[in-house]
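Peer 1: Everything in the sequence shown is counted per the numbering used here, starting at 353 for the first residue and increasing by one.
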Amino acid sequence: MSLYNKYRPRRSFGHTLLRWVLIVVGIAIFAIGWQVTEINFKDLVTGFNDVQPLLNSLLHPEFVTKETKDFTSTSLIQIPCTDNPPPQTPPNPAGYMIISETCAARGETIGVQGLNYPPRTQVTLSLAAVDNPRRDRLAVVLTDVNGEFTTDLTIPADFTYKSEGLAHRLQAEYEIEFGPMQISETTKVVFVKMIQTVLLALMATIFAIVFAIPFSFLGARNLMTRTRVGTVIYYIVRFIMNLTRAIEPLIWAIIFAVWVGIGPFAGVLALTVHSIAALGKLYSEQIEGIENGPLEAITATGASGGQRIIYGVVPQIVAPFIAFTLYRWDINVRMSTVIGLVGGGGIGFLLIQWINLLQYEKAAVAVWAIAIVVSIMDYSSAVIRERLV
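#1: Within 10 angstroms of the Cβ of M353, are there 16 or more other Cβ atoms? Answer buried if so, exposed if not.
#2: Specify, as a first and last residue, the run of the beta strand (DSSP E) that E525 falls within.
#3: Do we get a CB-CB distance below 8 angstroms when we pair A481 with the residues of chain D?
#4: With burial defined as no fewer than 16 other Cβ atoms inside 10 Å of the residue's Cβ, what is the status of T557: buried or exposed?
#5: If you reduce the DSSP assignment to three classes, tell me which class V694 lands in.
#6: The beta strand (DSSP E) spanning V501 covers which residue range?
#7: Under three-state DSSP, which class holds R489?
#8: Within a Cβ cutoff of 7 angstroms, which residues of the same chain sit near E640, ignoring the five residues on either side of it in sequence?
#9: Excluding five sequence neighbours on each side, which residues of the same chain lie with their C-beta closer than 6 angstroms to the C-beta of A457?
#10: Identify the residues that DSSP records as bridge partners of K421: which are they?
#11: Under 7 angstroms Cβ to Cβ from R371, same chain only, skipping five residues before and after it: list those, please.
#12: For the beta strand (DSSP E) that contains L467, what are its first and last residues?
#13: Exposed or buried, which one is G385 when buried takes at least 16 other CB atoms within 10 Å?
#14: According to DSSP, simplified to helix, strand and coil, what is V416?
#15: Take H412 as the anchor and find which of T579, A715, V726 has the nearest alpha-carbon.
#16: Use the C-beta contact count for W604: other C-beta atoms within 10 angstroms, 16 or more gives buried, fewer gives exposed.
#17: Is it true that the CB of V726 sits closer than 8 angstroms to the CB of R680?
#18: Return the CA-CA distance between I699 and T389, expressed in angstroms with no decimal places.
#19: Between which two residues does the alpha helix (DSSP H) containing T398 stretch?
#20: Once you ignore the five residues that flank T426 on each side, which residues in its own chain have a CB closer than 6 angstroms to its CB?
#21: Could you check if A721 is buried or exposed, using at least 16 other CB atoms within 10 Å of its CB as the buried criterion?
#22: What is the DSSP secondary structure of S743, counted as helix, strand or coil?
#23: Using the Cα positions of L709 and P445, report the straight-line distance between them to the nearest angstrom.
#24: Using the three-state DSSP reduction, which class does V475 fall into: helix, strand or coil?
#25: Are the beta-carbon atoms of P405 and V464 separated by less than 8 angstroms?
#26: With a threshold of 16 other CB atoms inside 10 Å of the CB of H367, please say whether the residue is buried or exposed.
#27: So is V581 buried or exposed if we call it buried at 16+ other beta carbons inside 10 Å?
#28: Between which two residues does the alpha helix (DSSP H) carrying I588 extend?
#29: Per DSSP, A480 forms a beta bridge with which residues?
#30: Have a look at T651 and N644 and give me their C-alpha separation to the nearest angstrom.
#31: Apart from the five residues just before and just after G695, which ones in its own chain have a Cβ nearer than 6 angstroms to its Cβ?
#32: If you draw a straight line from the C-alpha of L570 to the C-alpha of V373, how long is it?
#33: For the alpha helix (DSSP H) holding Y635, just list the boundary residues, first then last.
#34: Just to confirm my understanding: we take I628, look at its own chain, exclude 5 residues before and 5 after, and list those with CB closer than 6 angstroms. What are they?
#35: Let me check understanding here. Comparing Cα to Cα, which of I642, N594, L634, A718 lies closest to Y663?
#36: Given that a residue counts as buried once 16 or more other Cβ atoms are within 10 Å of its Cβ, and exposed if not, what is F333?
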């Protein structure tokens, strides 16, 4: 018998059984999680072609543009089918489409081939009714080096028309650029909105500091639990901060967007409320971690409660408080882009609009601007915190 086996502590049957039970439970939880979250890595491969236009747009943001001219090619498609479907569209040097079937029912899928379009150009395909103002955007495709594309389109199941058997318009829209490069209007708008986003986060942080500092002293265990009343106040303040912090800024943004209306003020209020709780917690934990030596020395001199805080606590927390505040401003800049999605102002509001309109080149400008500003803020605040702490 080896020395390892001789002196190895023997595990009881109960301990071994518990270990195997935990392993089985862990495997079961993983299997259930796999099913509930519908994990399917095959979709990552099969769906790559669908996401290519989006990725291409994100990699080619509309920072600079040329003057553009819009072109539209139209093919007719009858909904639903009759005995006399419309003919195929004749060839056109400016681009035309060949449809697998020139008539279809609602919910039916048709194949579409585009020819003679400009190479590597984004083409928006939409279905426009001829007897009402309805117009459905069906897909956005990217032509290849030969100016061609192939895709499948599904007629919307709720596509409405007044008369059956009419030939509706399947439209392919694209832009041609000409002239010199110039800063795009999108870039100008994003620049202004990013400034608004940074200032939105700054105002929220400033307002939060005003309330977070007194809350932090009331929520510090080492300062408040010396008396029965102080203990009650401590638990009430901690409960309020934990509850407020548990509600995501996105929820606060929705509440204030309804309360004061859509705009940056709603975003400021949402970030302020959440930042008060977050900073209050960070500040109070820093106060709880101070050295007791200076505080006890000042107490021994007969100093009052206010003097103990001013001369024994404040000198130890100024630098960490500044560091936490800068870090929170950094977080608020990132969060302000998210709360803008629900009407909280800033760049996020524009970003969600462009995404909904499938204007991915414009959305890419906002995404890159957010990434650049957040990176600068993160680096700057990290350097400042390193020097202060």
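Cβ coordinates follow ideal geometry from the N, Cα and C atoms, glycine included.
Peer 2: On the basis of the data shown:
#1: Here M353 scores only 49 on pLDDT, less than 50, and its place in the model should not be relied on; the value that follows carries that caveat. That one is exposed.
#2: For E525, the enclosing beta strand (DSSP E) covers residues 518–535.
#3: The structure shown contains no chain D; it holds only a single protein chain.
#4: buried
#5: helix
#6: It should be noted that the sequence gives Phe, not Val, for residue 501. In the DSSP assignment, F501 falls within the unbroken beta strand (DSSP E) covering 501–506.
#7: strand
#8: A572, R573, N574
#9: Once the five neighbours on either side are set aside, the close Cβ partners of A457 are P432.
#10: I528
#11: Nothing listed; no residue qualifies.
#12: 461–467
#13: exposed
#14: strand
#15: A715
#16: buried
#17: For R680 and V726, no; Cβs fall outside 8 angstroms.
#18: 31 angstroms
#19: Start and end: 394–398.
#20: R521, Q523
#21: buried
#22: For residue 743 there is no data in the structure shown, the boundaries of the chain being 353 and 741.
#23: 29 angstroms
#24: strand
#25: Taking C-beta atoms as the reference points, P405 and V464 fail to come closer than 8 angstroms.
#26: exposed
#27: exposed
#28: First-last of the alpha helix (DSSP H) with I588: 580–598.
#29: R487, R521
#30: 10 angstroms
#31: A609, I614
#32: Spanning the two alpha carbons is a distance of roughly 46 angstroms.
#33: For Y635, the enclosing alpha helix (DSSP H) starts and ends at 616–640.
#34: Excluding residues up to 5 positions away in sequence, A560, F563, A564 lie with their Cβ nearer than 6 angstroms to the Cβ of I628 in the same chain.
#35: In this structure, I642 is the residue among I642, N594, L634, A718 with its C-alpha nearest to the C-alpha of Y663.
#36: Summary: the structure shown does not reach residue 333, with the chain confined to residues 353 through 741, and so no result is reported for it.
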